[in-house]
Amino acid sequence: MVKGGRELGVLRDNLEWIIRYAEGIEEYRTYFGDDFETFADTEVYQDACYSKINQITQCLDRVASKYPEFYTQNFSMPIGSIKGIRNIISHQYENVDVRIVWRFMTEEIPVWESDARSALMRIDDGGDHSLKSPATKRKGFRELFRKHRPSVPSAPNGFHP
Numbered sequence: 263m264v265k266g267g268r269e270l271g272v273l274r275d276n277l278e279w280i281i282r283y284a285e286g287i288e289e290y291r292t293y294f295g296d297d298f299e300t301f302a303d304t305e306v307y308q309d310a311c312y313s314k315i316n317q318i319t320q321c322l323d324r325v326a327s328k329y330p331e332f333y334t335q336n337f338s339m340p341i342g343s344i345k346g347i348r349n350i351i352s353h354q355y356e357n358v359d360v361r362i363v364w365r366f367m368t369e370e371i372p373v374w375e376s377d378a379r380s381a382l383m384r385i386d387d388g389g390d391h392s393l394k395s396p397a398t399k400r401k402g403f404r405e406l407f408r409k410h411r412p413s414v415p416s417a418p419n420g421f422h423p
């Protein structure tokens, strides 16, 4: 769930999340070591990166499907190249080839991040706020629980759960 319950369908949000998730991968590469051998030998490193890759591919897929013309005008790589890696990471985890994932992380994600940054700057510079998803606003996870949270009487010591 997106922090603050922000609508995922908004183009700008997806671009910002692509950038944030790509920066997360860069942080992992810095933390664990920016070399293939460490990646190949460290399952927690792989798992952390797989999670971010999955999130990036979800955002890219939303942009491509909801805004296909925008995608083709602003992204240099075809959307089909991300669907395969997402499917393997999400559904065939035991068949992941870490060499392909490493190449994807080090060569392709930086391109998509750069394209997302450029697209975001074009939106901000052009002031085009009409690029909104037709989807209706959804409530955030936390907001749903706040609304339906039963009131609990205070304990004698003033403690509130």
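For this note's numbering, count along the sequence shown from 1 and bump the result up by 262. Even glycine gets a Cβ: it sits at the ideal position worked out from N, Cα and C. Treat the numbers as computed from the prediction; the structure is a model and nothing was measured.
Below 8 angstroms on the Cβ atoms is my contact criterion, and I expect residue i with residue j to pass it. Report the Cβ-Cβ distance as a whole number of Å.
i    : j    : result
Y290 : Y307 : 6 angstroms
A284 : I371 : 5 angstroms
Could you check what DSSP says for residue i in three-state terms: helix, strand or coil?
i    : result
R339 : Looking at the sequence provided, one finds Met at residue 339 rather than Arg. M339: coil per DSSP, three-state reduction.
Y333 : helix
G295 : coil
D359 : coil
V272 : coil
T368 : helix
T300 : helix
How many angstroms separate the CA atom of residue i from the CA atom of residue j?
i    : j    : result
I318 : W279 : 7 angstroms
D303 : D387 : 44 angstroms
F287 : W374 : What sits at residue 287 in the sequence shown is Ile, not Phe. Answer to the nearest angstrom: the Cα atoms are 13 angstroms apart.
D297 : R365 : 11 angstroms
E369 : Y333 : 19 angstroms
S376 : E305 : 28 angstroms
V363 : L322 : 17 angstroms
N276 : T300 : 30 angstroms
G214 : D359 : Since the first residue shown for the chain is 263 and the last is 423, residue 214 is missing from the structure and cannot be characterised.
I344 : I385 : 23 angstroms
V272 : R361 : 33 angstroms
M367 : K328 : 25 angstroms
R274 : T292 : 27 angstroms
E331 : V325 : 10 angstroms
Closest to residue i by C-alpha separation, out of the options, would be which residue?
i    : options                   : result
N316 : T300, D297, T304 and R282 : R282
L382 : T292, Q335 and D309       : Q335
S338 : G295, R379 and N357       : R379
D309 : I351, I362 and K345       : I351
K314 : P330, I347, R274 and G295 : I347
Can you check whether the C-beta of residue i is within less than 8 angstroms of a C-beta belonging to chain D?
i    : result
W279 : The structure shown contains no chain D, having only a single protein chain.
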